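Notes follow the structure.
Protein chains: 2
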Amino acid sequence: MSGKRVVLVTGHRALGELTALSQQAELHSLDTISEAAQESLLPSVDCLLVAGLWPESLGKEKISRMKNLKFIQLRLAGANHVPIRYIPPGVVICTNAGGFSLGVAEYAWGLLLAAAKRVVVFDANLKAGQFTREFRTKVGNEIMLLRGKTLGIIGYGGIGRAVAAMGRGFGMKVNAFSRHPEAEPDIAVFQGREGLLDVLRTSDAVVISIPLTNRTLGLIGDAELSVMKPGAILVNIAREEIVDEPALFKHLKANPAFTYATDVWRLTDGAESFTASVPFLELENFIGTPHVSGPSESSTGDPMRLAVENLLRYLKGEEPRNVVDRSEYT
Amino acid sequence: MSGKRVVLVTGHRALGELTALSQQAELHSLDTISEAAQESLLPSVDCLLVAGLWPESLGKEKISRMKNLKFIQLRLAGANHVPIRYIPPGVVICTNAGGFSLGVAEYAWGLLLAAAKRVVVFDANLKAGQFTREFRTKVGNEIMLLRGKTLGIIGYGGIGRAVAAMGRGFGMKVNAFSRHPEAEPDIAVFQGREGLLDVLRTSDAVVISIPLTNRTLGLIGDAELSVMKPGAILVNIAREEIVDEPALFKHLKANPAFTYATDVWRLTDGAESFTASVPFLELENFIGTPHVSGPSESSTGDPMRLAVENLLRYLKGEEPRNVVDRSEYT
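Chains A and G are the protein sequences, given in the same order.
When we follow our numbering, the leftmost residue of the first sequence carries the number 1, and every step to the right adds one.
When we follow our numbering, the leftmost residue of the second sequence carries the number 1001, and every step to the right adds one.
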């Protein structure tokens, strides 16, 4: 073994791609080494680089054998998949918040416009051979002109800011719900419980771009939906558990002009399920895509590069970014 | 009869809404008066205000009875539906070019993003219960990140300019094909046959926003499609006859990563058919919507207001805008 610190990579076998990192550390891939080899490796691991969801094979017992572990860098933007309760308090965990902002923010606009312009419902209708002028008029009347309308952004971090910036050309007023009051001069920032309700009440379209933590689990439920405009659009490119699915299903049934468009699905047994707990897929005012907002052309590029950069910050003794506040996840 | 000039309105019965116009002219609705009443009215008509497609009931014979006709104002942006050969050369015809720019440009972005982000194909797949991780990966790989890509705009008039302005936030380079070389400093303008091919060759997404005239009929055919990128997106919010449907169908079959998204359908017997001459609707890489890009919330507002403003310009002796060059339609 070299004198370099030991980084164990999970969910990314192509270690040869990680040039910048391999110059600074000794790299191993959890996915390509035997259980026997893990036996001797785990106690020497200084850092974990988790490229996908937390691997199922890395449970409580194996974590406890990583006596030397000091730092965990995630490639994903959120930490909700990490078994924090098994990770000793001294280990620093960093998310890759912002690493996917560009692709995810563009995807949010894809879902928002598909909903506002009724593209999905019209296309499905034409392809099913069910074109009628009555249907065209009915749904056409629900088409939303964005100019002059209000866009609510729940969570004004990297993704939320990118969503707002992309939308400037559409001439929407932007209301952001955020813990941090700093924002561009043309963005109104709302805080606290009343602030959340104000954003929901005034918005014609709402994008959820807030991390899933114990403070945001079920954030959008019955009471929150009830203040929204009946023809509003709700876009979720964050985590499905932020919405209360049964409440949302009831709301969609009662308000056919309201649309929910989501790219995210609840976790079941540690993996994204691509199913909902309610029959969303039966509804015309539901649009679903299978978590593709961090598009593949960027998912092997930018996010990994940014995750590695943050890990290098730690290895060089600099202050890493996006350190997880454990109290938000336990 | 008053001394006011006589304006005959077609396709819009609610004359009471046209306050500004009724102060300047004597208004009649073709749709609410009997054939007998038309008999005496037609010779006195000074102006026509055509709110929808040219009415079938207003054929060669009735046009010939409007001996006093001097001015025709259309509420639609194009004149391709007007039977120009029956209209005496001295009659000025004005389109409402630009009247729908805002709604249509937003709709172009709706189609463009639905195609770039594969929203329609993913949603349809999930709703058909055919979710597989293989499909997700395959189609996910085709998701286009817009930032840094090139947007081609065929026809840089009111709609084309609005499309470019809305897209600034997405960070695309814009290449416009236009007869007029004037454009914002960050827009590259291309002209002539070679210019058209250059725009098509370099663009990742192309929006067709050019009027249908005898110069643009079948503008996008075999030769033009063959220079486009295999994974490009072609959006049509102008008129369907600008594309050669059989050539485009063949191109879509041969290039599954290429997408055609259209809101417009060819005219058949003077009415929009909402069908194609080829089985577009069978294709996963085709997206169709039933000409709803001038959304209803604006179609009774802005476009009519702008059409009336132009008609008032004529009535007041001012220079009207958007005068049709008949040589482009005959």
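No residue lacks a Cβ here, since even glycine has one placed at the ideal position from N, Cα and C.
For clarity, every value in this text was computed on a predicted model and none was experimentally measured.
At a cut-off of 8 Å between beta-carbon atoms, Ile1287 of chain G makes contact with chain A. Here the segment 313-323 of chain A makes no contact with the segment 1131-1142 of chain G; the two share fewer than three CB pairs at distances below 8 Å. Minimum Cα-Cα distance from Arg1239 of chain G among the listed residues G:Ile1233, G:Ala1223, G:Leu1267 corresponds to G:Leu1267. If you draw a straight line from the Cα of Arg85 of chain A to the Cα of Thr330 of chain A, it comes to about 7 Å. Interface with chain A (8 Å Cβ-Cβ cutoff): Ala1124 of chain G is included. Arg1118 of chain G sits buried, since 16 or more C-beta atoms from the chains shown fall within 10 Å of its C-beta.
Gly1158 of chain G is outside the set of residues whose beta carbon lies under 8 Å from a beta carbon in chain A.
When DSSP reads this structure, Phe1100 of chain G sits in no beta bridge, so it has no partner.
The beta carbon of Ile208 of chain A sits no closer than 8 Å to any beta carbon of chain G. The C-beta distance from Leu1200 of chain G to Val1227 of chain G rounds to 5 Å, short enough to meet the 8 Å contact threshold.
Separation of His81 of chain A and Leu212 of chain A (C-alpha to C-alpha, rounded to the nearest whole angstrom) is 10 Å. Contact between Val235 of chain A and Ile208 of chain A is confirmed by a C-beta separation of about 7 Å, below the 8 Å threshold.
The segment 1171-1180 of chain G makes no contact with the segment 1118-1128 of chain G, as fewer than three CB pairs between them are under 8 Å. Cβ contact annotation for Ser1101 of chain G (same chain, cutoff 7 Å, sequence separation greater than five): Gly1158, Ile1159, Ala1162, in chain order. A residue is called buried when at least 16 other Cβ atoms come within 10 angstroms of its Cβ; Leu30 of chain A meets this threshold and is buried.
Leaving aside the five residues that flank Cys1047 of chain G on each side, the residues in its chain whose CB is nearer than 8 Å to its CB run, in chain order, Arg1005, Val1006, Val1007, Leu1008, Ala1025, Leu1069, Lys1070, Phe1071, Ile1072, Gln1073, Leu1311, Tyr1314, Leu1315.
Looking at A:Leu219, A:Ser327, A:Ile93, A:Arg168, the one whose alpha-carbon comes closest to that of Lys149 of chain A is A:Arg168. If one requires a minimum length of 3 residues, the beta strand (DSSP E) runs lying completely within the segment 83-168 of chain A are 92-94, 150-154, in chain order. Per DSSP, the unbroken beta strand (DSSP E) holding Gly1288 of chain G starts and ends at 1286-1288. Among the CB atoms of chain G, one or more fall inside 8 Å of the CB of Arg168 of chain A.
Taking a Cβ-Cβ threshold of 8 Å, none of the residues of chain A is close to Leu1234 of chain G; the smallest such distance is about 15 Å.
Rounded to the nearest whole angstrom, the CA to CA distance from Ala164 of chain A to Ala105 of chain A is 9 Å.
In this structure, the CA atom of Arg1305 of chain G is about 13 Å from the CA atom of Ala1077 of chain G. Close to Ala77 of chain A, with beta-carbon spacing below 7 Å, lies no residue of chain G; the smallest spacing is near 16 Å. Taken residue by residue, none of the segment 51-73 of chain A has a beta-carbon sitting less than 8 Å from a beta-carbon on chain G. In the three-state reduction of the DSSP assignment, Phe1249 of chain G falls in the helix class.
Per DSSP, Ile1063 of chain G is one residue of the alpha helix (DSSP H) stretching across 1060-1065. According to the DSSP assignment, Glu1026 of chain G belongs to no alpha helix (DSSP H) but to the beta strand (DSSP E) extending over 1025-1029.
The Cβ of Ile1143 of chain G sits closer than 8 Å to at least one Cβ of chain A.
Distance check between Phe1280 of chain G and each of G:His1291, G:Gly1270, G:Thr1262, G:Val1323 places G:Thr1262 closest, using alpha-carbon atoms only. For Thr268 of chain A, the pairing in a beta bridge is given by DSSP as A:Ala271. In this structure, the straight-line span from the alpha carbon of Val189 of chain A to that of Ala1128 of chain G is close to 40 Å. Proximity of chain G to Phe131 of chain A at the Cβ level (cut-off 9 Å) is accounted for by Phe1274, Thr1275, Pro1290, in chain order. The beta-carbon separation of Val1308 of chain G and Ala1020 of chain G, rounded to 6 Å, stays under the 8 Å limit for a contact.
By the beta-carbon neighbour count (other beta carbons within 10 angstroms, threshold 16), Ser1034 of chain G is exposed.
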